[in-house]
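Presented below is the structure to which this report refers.
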Amino acid sequence: MVYPDTLVGTDSHTTMVNGLSVLGWGVGGIEAEAVMLGQPVTMLIPEVVGFKLVGKLSDGVTATDMVLTITNILRSKGVVGKFVEFFGEGLDSLSIADRATVANMSPEYGATCGFFPIDHKTLEYLEMTGRELSLIDLVESYAKAQYLWHTKEGLRYDNEIEFDLGEVRPVLAGPKRPQDKIFLSQVKTTLPSLGVKSTKDDKSAESLKNGDIVIAAITSCTNTSNPSVMIAAGLVARKANMLNLKSKPWVKTSLAPGSQVVTEYLVKSGLQRHLDALGFYLVGYGCTTCIGNSGSLAPHIEEDIKSNDLLVAAVLSGNRNFEGRIHPCVRANFLASPPLVVAYALAGTVDIDLTSDPIAIGDNGKNVYLSDIWPSNDEINEVIQNTINKQVFTSRYKNVFSGGKYWENLKCDDNDIYKWDMNSTYIQSPTYFKNLSSNLNSSDNINISNANILALLGDSVTTDHISPAGNIALNSPAGKFLLQNNVMVEDFNSYGSRRGNHHIMTRGTFANIRVRNEMVSAEGGVTRYIPTGEEMSIFDASQLYQQNDIPLVVIAGKEYGSGSSRDWAAKGTFFLNIKAIIAESFERIHRSNLIGMGVLPLTFKDGCTRKTLNLTGCEVISITGKIGINQELKCIILRQNGSSQSITVVCNLNTAIEVEYFKSGGVLQYVLMRMMAS
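Following this line, the structure appears as structure tokens:
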């Protein structure tokens, strides 16, 4: 039997597989756990947006420029919860790697997936990566028989967008969101918009200035699996070395490919040694700088930034540049193609127009411009043809499932039940089921009575704002907890590494240094404890509220929970005793994760927002009504002056099973109670 392949994964960038015509999308870890326990993946039948591509990319324009442009277009159109399908004659000029780059970033433009249909490019990729000819023939015949083969005629979509690839120009995205496209010539204009003036000529060459780049990273699955941009980065490095150019000494450089094949063809082509000469050494395979694992800056650099309150930048070929994600000292983060990352490392600043200003001065005393080191498409394609073939893929991945020596030597016992180490600061038994009830027929009514507001947040609050994955700060609630448990500062590691310890992760919830709670003037994970008016960490306030049996809510703006499919953004919310999130809109995966943890996602109705309601965070909130699919509920707002206001909020439970999950206190509770009942 033959049927179309599908995939769900716990990484939001599971969507990359749509570039190879496999329908797939990311789900939260909570939802995936439920699937492993036998629950189905449920969703409303989505709208499908057709994105027609015509023309082809101009010479000197990269696949990264294309995907950042498409991200900007689709985010502005609004495709959250929708499928996007790319079609049109423009597909003929896009390799599978180019398509995968676009498909990978569908979480950034908000879609459930960005799908590319099967065509001759798909078959060519299957052959190049060593698939058997019989399989390739089967894919072709099946796709054509089932009308899955790409066609340019007779297609119908709920909505359609057309875009000419010839209009794409070199761009970056930033300094805070992936959808904020900036033309290369306009990057330097972002400094005034961030509240700082250019200091390009203020200080000596040795002194760090506003706009200086302290991190330049070729990283992330989005771009480092694409040969065209990786080869381009290597060629830029080679040309720079020929001119004896160097990365600026204050720039921390790194290379983290998305595949071992990348290392293979960079070494084979001789380009890796040129990247090494500029400081772009291989640091590993996986999530590094793109998720906040860049490591520390040089102590004198970090001290200079803090003591002079400098606004410095990071330029990376990643997919996310949310505030506080890349490095706590870096406030301006830009996404760029790998060759532009190399160019910016040479320039050492974003306070520059790379289209007209010189990058550096060569040995001959002449100015060197971006055009002097930028490769042509012909140069890139020549290297690709000479280095990338079937052998590169088959040799690297023939033993991919065998595991390395550490895996083979891993010691484990034969017990069916995990033995918890009570002294571990990495893995602890969580208390999800502390108040587990065996009653499957919970009340149909919701009654959140006299809840305080824990945080009043704005638009585009990401899962990074809610649950950071990077370094743990010394004076944060999590840092203090580790010190109390005899963990040295140098052994703190990251939030991402300690996801198995709910004590740490709960303290890390809303601990992002760039989260802005409108209840207080300070930036970071701070709130006002309303009963006393005292300002304190969000974690500490939540504990005081819990001690007094006071439920909590969070109020937010648009696109709440965008970004990574980080289940701890929902788990931490649950452990803080937050009963509901009231927002203008939610991102798909985080909404699902909240339901999975028994936290109710609610949206404002009739144009209401925190601003139109003039909320300050001092109000007391009560929510009542019948729980149901998209059911309207009554929300009473009691203000400090004694006045009250009634508004309508909408229950963001979209399916019958989501209603059951919520009524049971969460998806895992639902599954376990059914198991107990049977």
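Under our numbering, the letters of the sequence shown match residues 31 to 708, in that order. Heads up, the beta-carbon is just placed ideally off N, CA and C, and yes, glycines get one too.
Grouping DSSP H, G and I as helix and E and B as strand, with all else coil, what is residue i?
i, result
"residue 43", "helix"
"residue 470", "Note that residue 470 has pLDDT 47, beneath the 50 cutoff, so the model's placement of it is unreliable and the number below is only indicative. Residue 470: coil per DSSP, three-state reduction."
"residue 457", "coil"
"residue 703", "helix"
"residue 379", "strand"
"residue 503", "coil"
"residue 146", "coil"
"residue 70", "coil"
"residue 694", "coil"
"residue 270", "helix"
"residue 644", "coil"
"residue 343", "strand"
"residue 280", "coil"
"residue 188", "coil"
"residue 306", "helix"
"residue 193", "strand"
"residue 511", "helix"
"residue 48", "helix"
"residue 400", "helix"
"residue 201", "strand"
"residue 242", "strand"
"residue 221", "helix"
"residue 365", "strand"
"residue 178", "coil"
"residue 610", "strand"
"residue 391", "strand"
According to the neighbour-count rule (16 or more other Cβ atoms, all chains shown, within 10 Å of its Cβ), is residue i buried or exposed?
i, result
"residue 617", "buried"
"residue 302", "buried"
"residue 450", "exposed"
"residue 257", "buried"
"residue 149", "buried"
"residue 691", "buried"
"residue 627", "buried"
"residue 471", "Any reading at residue 471 must be qualified, since the residue scores a pLDDT of 47, below 50, and its modelled position is unreliable; no value is offered."
"residue 102", "buried"
"residue 280", "buried"
"residue 87", "buried"
"residue 196", "exposed"
"residue 447", "exposed"
"residue 603", "buried"
"residue 368", "buried"
Determine whether the beta carbon atoms of residue i and residue j lie at a separation below 7 Å.
i, j, result
"residue 342", "residue 242", "yes"
"residue 423", "residue 639", "no"
"residue 364", "residue 205", "yes"
"residue 283", "residue 309", "yes"
"residue 538", "residue 499", "no"
"residue 312", "residue 285", "yes"
"residue 574", "residue 559", "yes"
"residue 252", "residue 349", "yes"
"residue 653", "residue 645", "no"
"residue 145", "residue 240", "no"
"residue 487", "residue 586", "yes"
"residue 417", "residue 601", "no"
"residue 140", "residue 110", "yes"
"residue 100", "residue 132", "yes"
"residue 67", "residue 54", "no"
"residue 166", "residue 154", "no"
Please list the terminal residues of the continuous alpha helix (DSSP H) segment that includes residue i.
i, result
"residue 482", "That residue, residue 482, is in no alpha helix (DSSP H); its beta strand (DSSP E) goes 475-486."
"residue 557", "From DSSP, residue 557 is part of no alpha helix (DSSP H) but of the beta strand (DSSP E) over 556-559."
"residue 598", "598-605"
"residue 414", "407-417"
"residue 101", "93-107"
"residue 331", "329-337"
"residue 131", "126-134"
"residue 626", "618-626"
"residue 175", "163-175"
"residue 293", "290-298"
Closer than 6 Å to a non-hydrogen atom of the ligand FMN - does that hold for the CB of residue i?
i, result
"residue 603", "Among the components of this structure there are no ligands whatsoever, and the ligand FMN is therefore not found."
If you follow the beta strand (DSSP E) that residue i is in, where does it begin and where does it stop?
i, result
"residue 116", "113-117"
"residue 54", "53-56"
"residue 82", "78-84"
"residue 321", "Taken as a continuous stretch (DSSP letters only), residue 321 belongs to no beta strand (DSSP E), as it is neither H nor E."
"residue 211", "211-213"
Quiz item: Which whole runs of the alpha helix (DSSP H) in the segment 524-600 are 4 residues long or more, in chain order?
Solution: 532-537, 568-577
Quiz item: Which runs of the beta strand (DSSP E) spanning at least 3 residues fall entirely within the segment 642-682, listed in chain order?
Solution: Qualifying beta strand (DSSP E) stretches, in chain order: 650-656, 662-668, 674-681.
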